[in-house]
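Residue numbers (the numbering used here), protein chains in the order written: chain A, 1 to 759; chain B, 1 to 229; chain C, 1 to 79; chain D, 1 to 79.
Ideal Cβ positions, reconstructed from N, Cα and C, are used throughout, including at glycine.
Since the structure is predicted, the reported quantities are computational estimates derived from the model, not experimental observations.
Shown next, in structure tokens, is the structure this report addresses.
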Amino acid sequence: MSANGELGSRTVRETIPIPPEVYREMGLNDEEYRRVVAVLGRHPTYTELGMYAVMWSEHCGYKFSRPILKLFRKYREAIEGSGLENAGLIDIGGGFGIAMKMESHNHPSAVEPFQGAATGVGGILRDIFTMGARPIACLNSLRFGNLDDPRNRYLFEHVVGGIAFYGNCVGVPTVGGEVYFDDCYSGNPLVNVLSVGLVRLDEVAFARACGPGNPVMLVGSRTGRDGIHGATFASVELGPDSESRRPNVQIGDPFTEKCLIEATLEALKTGYIVGIQDMGAAGITCSTCETAAKAGTGMRIDVRKVPLREKSMTPYEIMLSESQERMLAIVQKGHENDVARIFTKWGLNASIIGEVTDDGLVHVYDGDELVAQVPAKSLAEEAPTYELDTEEPDYLRRVQDYDLSHIHEPDDYNEVLLKLLGSPTIASKEWVYEQYDHMVQTNTVVLPGSDAAVVRIRGTKKAIAITTDCNGRYCYLDPYLGAQIAVAEAARNLACCGAKPMAVTDCLNFGNPEKPEVFWQFRKCVEGMAEACEFFEAPVVSGNVSFYNETPDAVIYPTPVVGMLGLIEDVEKRCTSEFKREGEIIALICGWSTNDESRCDLNSLGGSEYLKIVHGLAVGKPPALLMEKEKRVHRAVLKAIDELLLSSAHDCSEGGLATALAEGCIMGDVGAKISLIANCGPAAALFAETQSRVVVSLPIEKLSRLREIAEEEQVQITVLGKTGGDKLEIKVNDEPVISVKIKDLSEAWRGSIPSAMEK
Amino acid sequence: MKFGVIQFPGSNCDQDAYFAVRDILQQPVDYVWHQESNLSKYDCLILPGGFSYGDYLRTGAIARFSPVMSAVQEFADRGGLVIGICNGFQILCEAHLLPGALLPNNTLRFRCKYLHVRVENDSSSFTHLCHRGQVLRIPIAHHSGCYYCEPDVLKELENKDRILLRYCDRDGNVTEESNPNGSISNIAGVLNEHGNVAGMMPHPERAVESLLGSEDGVIILRSIVERIS
Amino acid sequence: MPKANVYVTLKPSLLDAQGKVVQGALEKLGFTNVSAVRIGKYIQIELEGNSNLEQQVDEMCRKLLANPVIEDYRFEIER
Amino acid sequence: MPKANVYVTLKPSLLDAQGKVVQGALEKLGFTNVSAVRIGKYIQIELEGNSNLEQQVDEMCRKLLANPVIEDYRFEIER
Ligand SMILES: Nc1ncnc2c1ncn2[C@@H]1O[C@H](COP(=O)(O)OP(=O)(O)O)[C@@H](O)[C@H]1O
Ligand SMILES: [Mg+2]
Numbered sequence: 001m002s003a004n005g006e007l008g009s010r011t012v013r014e015t016i017p018i019p020p021e022v023y024r025e026m027g028l029n030d031e032e033y034r035r036v037v038a039v040l041g042r043h044p045t046y047t048e049l050g051m052y053a054v055m056w057s058e059h060c061g062y063k064f065s066r067p068i069l070k071l072f073r074k075y076r077e078a079i080e081g082s083g084l085e086n087a088g089l090i091d092i093g094g095g096f097g098i099a100m101k102m103e104s105h106n107h108p109s110a111v112e113p114f115q116g117a118a119t120g121v122g123g124i125l126r127d128i129f130t131m132g133a134r135p136i137a138c139l140n141s142l143r144f145g146n147l148d149d150p151r152n153r154y155l156f157e158h159v160v161g162g163i164a165f166y167g168n169c170v171g172v173p174t175v176g177g178e179v180y181f182d183d184c185y186s187g188n189p190l191v192n193v194l195s196v197g198l199v200r201l202d203e204v205a206f207a208r209a210c211g212p213g214n215p216v217m218l219v220g221s222r223t224g225r226d227g228i229h230g231a232t233f234a235s236v237e238l239g240p241d242s243e244s245r246r247p248n249v250q251i252g253d254p255f256t257e258k259c260l261i262e263a264t265l266e267a268l269k270t271g272y273i274v275g276i277q278d279m280g281a282a283g284i285t286c287s288t289c290e291t292a293a294k295a296g297t298g299m300r301i302d303v304r305k306v307p308l309r310e311k312s313m314t315p316y317e318i319m320l321s322e323s324q325e326r327m328l329a330i331v332q333k334g335h336e337n338d339v340a341r342i343f344t345k346w347g348l349n350a351s352i353i354g355e356v357t358d359d360g361l362v363h364v365y366d367g368d369e370l371v372a373q374v375p376a377k378s379l380a381e382e383a384p385t386y387e388l389d390t391e392e393p394d395y396l397r398r399v400q401d402y403d404l405s406h407i408h409e410p411d412d413y414n415e416v417l418l419k420l421l422g423s424p425t426i427a428s429k430e431w432v433y434e435q436y437d438h439m440v441q442t443n444t445v446v447l448p449g450s451d452a453a454v455v456r457i458r459g460t461k462k463a464i465a466i467t468t469d470c471n472g473r474y475c476y477l478d479p480y481l482g483a484q485i486a487v488a489e490a491a492r493n494l495a496c497c498g499a500k501p502m503a504v505t506d507c508l509n510f511g512n513p514e515k516p517e518v519f520w521q522f523r524k525c526v527e528g529m530a531e532a533c534e535f536f537e538a539p540v541v542s543g544n545v546s547f548y549n550e551t552p553d554a555v556i557y558p559t560p561v562v563g564m565l566g567l568i569e570d571v572e573k574r575c576t577s578e579f580k581r582e583g584e585i586i587a588l589i590c591g592w593s594t595n596d597e598s599r600c601d602l603n604s605l606g607g608s609e610y611l612k613i614v615h616g617l618a619v620g621k622p623p624a625l626l627m628e629k630e631k632r633v634h635r636a637v638l639k640a641i642d643e644l645l646l647s648s649a650h651d652c653s654e655g656g657l658a659t660a661l662a663e664g665c666i667m668g669d670v671g672a673k674i675s676l677i678a679n680c681g682p683a684a685a686l687f688a689e690t691q692s693r694v695v696v697s698l699p700i701e702k703l704s705r706l707r708e709i710a711e712e713e714q715v716q717i718t719v720l721g722k723t724g725g726d727k728l729e730i731k732v733n734d735e736p737v738i739s740v741k742i743k744d745l746s747e748a749w750r751g752s753i754p755s756a757m758e759k
Numbered sequence: 001m002k003f004g005v006i007q008f009p010g011s012n013c014d015q016d017a018y019f020a021v022r023d024i025l026q027q028p029v030d031y032v033w034h035q036e037s038n039l040s041k042y043d044c045l046i047l048p049g050g051f052s053y054g055d056y057l058r059t060g061a062i063a064r065f066s067p068v069m070s071a072v073q074e075f076a077d078r079g080g081l082v083i084g085i086c087n088g089f090q091i092l093c094e095a096h097l098l099p100g101a102l103l104p105n106n107t108l109r110f111r112c113k114y115l116h117v118r119v120e121n122d123s124s125s126f127t128h129l130c131h132r133g134q135v136l137r138i139p140i141a142h143h144s145g146c147y148y149c150e151p152d153v154l155k156e157l158e159n160k161d162r163i164l165l166r167y168c169d170r171d172g173n174v175t176e177e178s179n180p181n182g183s184i185s186n187i188a189g190v191l192n193e194h195g196n197v198a199g200m201m202p203h204p205e206r207a208v209e210s211l212l213g214s215e216d217g218v219i220i221l222r223s224i225v226e227r228i229s
Numbered sequence: 001m002p003k004a005n006v007y008v009t010l011k012p013s014l015l016d017a018q019g020k021v022v023q024g025a026l027e028k029l030g031f032t033n034v035s036a037v038r039i040g041k042y043i044q045i046e047l048e049g050n051s052n053l054e055q056q057v058d059e060m061c062r063k064l065l066a067n068p069v070i071e072d073y074r075f076e077i078e079r
Numbered sequence: 001m002p003k004a005n006v007y008v009t010l011k012p013s014l015l016d017a018q019g020k021v022v023q024g025a026l027e028k029l030g031f032t033n034v035s036a037v038r039i040g041k042y043i044q045i046e047l048e049g050n051s052n053l054e055q056q057v058d059e060m061c062r063k064l065l066a067n068p069v070i071e072d073y074r075f076e077i078e079r
């Protein structure tokens, strides 16, 4: 571009047909290529081809998932209305909003766990602060194969290390998350990172390239050859040649990100930025065409103006680079310097690379030469979508109909409890969260270890609670029910902290969607999740899809991770899960009535950690869920916390009631004497993962009021016993079955992951 | 009195320190940009935690050359109070305002947790509201907090009562198990020769409200205020 | 006793955030003639025995000391 | 263009925790003939000009690249 904005060429030089093997290698099929030609009215240039390939990949274009995601109400409304934003925005009152999103970085983490996980954190943070929100917390939801395998230990160690490296340096506390271990994730680790940010609702920034003539600025790091075609990489299965695709891995620089956060928020305060978009997958291509498409404008950029880290990069490489720590800002004309000065102060590049146009096209120049000229909307919003076939998988009947009646009672219940507590999925995750700075920003008022993390909103009485949940085994055994349980459990976790559910962000991790059984799982999970989210009044406001999580040897369980945000109006009224002192009543708040207990699946061990750990089985139906009953439990718990009746509240999940009790004892360093009445065997009474149950402790004088609340909300209260002593003792139908020192429980629970990692 | 909280690129506990001073101590406080050279209006400077310059090369190694650091040096030479917390401690050591160095934790991992420290010196400007042997519950959050100094320096620190805090168990016993990072002699904080410059790895600014789990950090911050007023 | 010196460096095309920051610091210190800085690892290994050392150290590098995704390595053996 | 290779190592009197862990890992991988591992930094600096390089690089090391309390350094210059 010359100084007066006049350009050398105005049309793309004559183009020739691209050979099929070239566009196929980039991930476009024949039909899609024909479509590109139809849109352009000519054959694409090499640069254009790359731009379409990456924007129309599943990762960016959601070509397979979009039709199904429309089951999420807000998603549908956004698509049909003003478009999707970088993150969901939730009004928490008082003029404040919370931006929230979760994202996967599974494929990069499988090949380079440290940098893969680190750049995952960086990416999700940019989605948050690009909206003008200051990131105030991160969570991570992780899945690995069995820790007996050194490769899985390596992945676990380095994924956690990468998250710590990046999150700690940028000064955003990593306050919670979850880690599951199962063989199906061997070779396919899942790394999902969630971030939330705080923004004044009248200061939200948008990803819109408004105002033709406004300059377009690239800020942050220089551009290198990192991660070219990363999005395409995320849209294929991992195979033996994944190693050779490794140049796709990007390197993160959390120091630059920290400066970028501060500079961006400071620059947005000037009011001179009219639109801003982070750069993630598909880099400059994605951010230019999305911001232009959303504003109904176009954009003209010159790749020669892009500050480069490496010499002689081609326009193709510059447009597709996924170099980290960069943003695209559209600035009010005449105020370029006011904005640039702020980025320079923070030691960052800020270069004008082009300007907004009014013709709906993205024009890419290489100096004087026009190398791409494509309709912005065709890239950003008109990716072809496909209605894929679905087919119920064969395994389903087999696992669901598995006859559990021959599962015999164990000889020694103490041993089983210790084994369950030591199962890495249940064991304490202290080894993980100790590596994360979970206190920086001094707002974390419930530290990791409880059912959900609680972060206060400084300057108000409010706090938010956040949790991530998903039991992939349940979803494997019954995708629809499994996804509903994930939502119910998330809401239950929030209730245990005293928080009312507000919104959900999700990360949908599945195998290859082009396999009808996988796509069936996907659809069922989304159906279950969409319904449950509406029911619990926590609509899905953002999310992410990760397909192709499979290797030739294994497909992952369907793993639709739910990240849920809740609100606590008065931060003083929050609750944690550990027993607090001796001599208090321990009770169970349960959604099921005694009548329900005749339902045969209620005390079922189907899908439980017990079956997995003790019998090596992943069979049965997941525990039953009736959402109405579940919701009553939440209401009762919330009311009891609001009236300051409870000393602790802890939900029953993996490992069942005995595990929940043991965790309450271990974390509170106090024993308990428990007596259960059951119409099933002790194993089921102790270890079944029956839903809609919360273990609470309270002073005895508060019990009568709790009973009244239970009556009002139509839930059952059962007094289970009392805290005290240095042992957990449990009787089932007057038969002593468990008696273990808290010290021993603690060793099994706390020692498990560290000792697995010492191997 | 007036506090200044120094902001290096990559500092991330600057706001926490600022809020602790403003909201809890209710004292005037400014952020001080790393290129500032005039510190004359301050009575106490806080070098906050974080990852100045990404902690690249060595923790604190690059921040030490920020323009503000020569001013900090002069400020300290004139007897002004300076406290470095975590990354701030690392910077002060690199700048030779405090002796020794901070190596990577012997666990080789970042550690963030509440723990206990014992007050070893109860007359310093930073701890005079404590009593000797008092056990404070304050969190740490660092990757390089393993304090090291040469044997003769250690002797000097001991003899001159310049060890401020030591990691201990909840009863105040200084044990190997209570040492989170391999620090020599369980040292968690030290003083300079004149007693006006302190460095500590634990974060007192994180333990200033019962809501956050402890208020023990306030005793340290308030000591500074009382000493100056 | 033989000794191996292993040098592990980030692949040239990858961002070396650390090197970049150090370069900036050197410039500010007045070393204006520095055109690039890259930071890698220098690993000294004391070995016993004398046979097959090259092959062994190469294996150590591939298996543990360097991450082939992002790093290159070279080594020399002093006997 | 001249290039300096700088080697920064932990003083021998200090325990090298990372080196210890790597040694343990090598042993577990079956390399039983490793008697010690120490990990340091390998810094490559590209320089311009030709005069006084030794002195300059030495100054860089003393001022910034190594901390004399805990580290030693040496360097060589390739022209
Ligand atoms: N599973 C999902 N549920 C709800 N919203 C989703 C889901 N997947 C993607 N989205 C939404 O689609 C939009 C695009 O997502 P994505 O491409 O991951 O964003 P980005 O490019 O900013 O990382 C976002 O608004 C995101 O919240
Ligand atoms: Mg985005």
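Of the listed residues 491/A, 546/A, 530/A, 528/A, nearest to residue 513/A (C-alpha basis): Translated into the one-based positions of the first sequence, residue 513/A becomes position 513. The shortest C-alpha separation from residue 513/A is found at 546/A.
What runs of the beta strand (DSSP E), each 3 residues or longer, lie entirely inside the stretch 105 to 151 of chain A? 134 to 144
Examine ligand 4 and report whether any of its heavy atoms sits within less than 7 Å of the Cβ of residue 155/B. This structure lacks ligand 4; its bound ligands are ligand 1 and ligand 2.
Under 8 Å (Cβ pairs) to chain A, residues found in the stretch 121 to 152 of chain B: 139, 141, 143
Whose C-beta lies closer than 7 Å to the C-beta of residue 9/C among residues of the same chain, with five residues either side of it excluded? Within the third sequence, numbered from 1, the residue matching residue 9/C stands at position 9. Within the same chain, residue 9/C has close Cβ partners 38, 40, 71, 72.
Taking residue 73/D as the query, report the chain C residues whose CB atoms sit under 8 Å from its CB, ordered along the chain. The sequence position of residue 73/D within the fourth sequence is 73, counting from 1. The contacting residues do not exist; residue 73/D stays about 10 Å from chain C at best.
Compute the distance between the beta-carbons of residue 129/B and residue 197/B, then report whether it is under 8 Å. Taking the second sequence and counting its residues from 1, the one referred to as residue 129/B is at position 129. Taking the second sequence and counting its residues from 1, the one referred to as residue 197/B is at position 197. Cβ atoms of residue 129/B and residue 197/B: not closer than 8 Å.
Cβ-Cβ separation, residue 274/A to residue 352/A (assumed contact under 8 Å), whole Å: For the purposes of this step, residue 352/A is identified with residue 352 of the first sequence, where counting begins at 1. For the purposes of this step, residue 274/A is identified with residue 274 of the first sequence, where counting begins at 1. About 14 Å separates the two Cβ atoms, so there is no contact after all.
What separation, rounded to the nearest whole angstrom, lies between the Cα atoms of residue 328/A and residue 260/A? Mapped onto the first sequence, residue 328/A falls at position 328. Mapped onto the first sequence, residue 260/A falls at position 260. If I take the Cα positions, the gap works out to 12 Å.
Excluding five sequence neighbours on each side, which residues of the same chain lie with their C-beta closer than 7 Å to the C-beta of residue 25/B? Reading the second sequence from its first residue, position 25 is the one you call residue 25/B. For residue 25/B, where only same-chain residues beyond five positions count, the Cβ hits under 7 Å are 221, 222, 225.
Using a beta-carbon distance below 8 Å, is residue 69/C in contact with chain B? What you label residue 69/C is simply residue 69 of the third sequence in a count that begins at 1. Taking Cβ atoms only, chain B never reaches closer than 8 Å to residue 69/C, which makes this a no.
CB contact flag (residue 487/A, residue 539/A, <8 Å): What you label residue 487/A is simply residue 487 of the first sequence in a count that begins at 1. What you label residue 539/A is simply residue 539 of the first sequence in a count that begins at 1. No. Outside cutoff.
Selection from 370/A, 710/A, 88/A, 71/A that minimises the alpha carbon distance to residue 761/A: Any property of residue 761/A remains undetermined from this structure, which presents chain A solely from 1 to 759.
Kindly list, in the order they appear in chain B, the residues whose Cβ is closer than 8 Å to that of residue 17/C. Taking the third sequence and counting its residues from 1, the one referred to as residue 17/C is at position 17. Ordered by position in chain B, the residues that pass the 8 Å Cβ test against residue 17/C are 54, 56.
What whole-angstrom Cβ distance do residue 3/D and residue 78/D have, given they're in contact under 8 Å? Working through the fourth sequence from its first residue, we reach residue 3/D at position 3. Working through the fourth sequence from its first residue, we reach residue 78/D at position 78. Rounded to whole angstroms, the Cβ separation of residue 3/D and residue 78/D is 5 Å, and the two are in contact under 8 Å.
At the level of alpha carbons, what is the spacing between residue 647/A and residue 640/A? Here residue 647/A is taken as the residue at index 647 of the first sequence, counted from 1. Here residue 640/A is taken as the residue at index 640 of the first sequence, counted from 1. So the alpha carbons of these two residues sit roughly 10 Å apart.
According to DSSP, residues forming a beta bridge with residue 760/A: Past the edges of chain A, shown from 1 to 759, lies residue 760/A, and the structure says nothing about it.
Is there at least one Cβ from chain C nearer than 8 Å to residue 91/B's Cβ? Your numbering for residue 91/B matches position 91 in the second sequence. Closer than 8 Å: no.
In the stretch 14 to 39 of chain C, which residues sit with their C-beta less than 9 Å from some C-beta in chain B, listed in chain order? 17, 18, 19, 20, 21, 22, 24, 25, 28, 29, 39
Bridge-paired residues (DSSP) for residue 102/A: The count along the first sequence starts at 1 and reaches residue 102/A at position 102. Paired residue(s): 194/A.
What number of angstroms, rounded off, separates the C-alpha of residue 632/A from the C-alpha of residue 17/D? Here residue 632/A is taken as the residue at index 632 of the first sequence, counted from 1. Here residue 17/D is taken as the residue at index 17 of the fourth sequence, counted from 1. Going by the C-alpha atoms only, they are around 54 Å apart.
With DSSP run on the structure shown, which of helix, strand or coil describes residue 75/A? Counting from 1 along the first sequence, the entry for residue 75/A is found at position 75. Here residue 75/A sits in helix by DSSP.
Partners in chain C for residue 256/A, counting only beta-carbon separations shorter than 8 Å: The residue labelled residue 256/A in the question sits at position 256 within the first sequence. Per Cβ cutoff of 8 Å: 17.
At a Cβ cut of 7 Å, what residues of the stretch 103 to 127 of chain A count as close to chain C, listed as they run along the chain? 111, 112, 115
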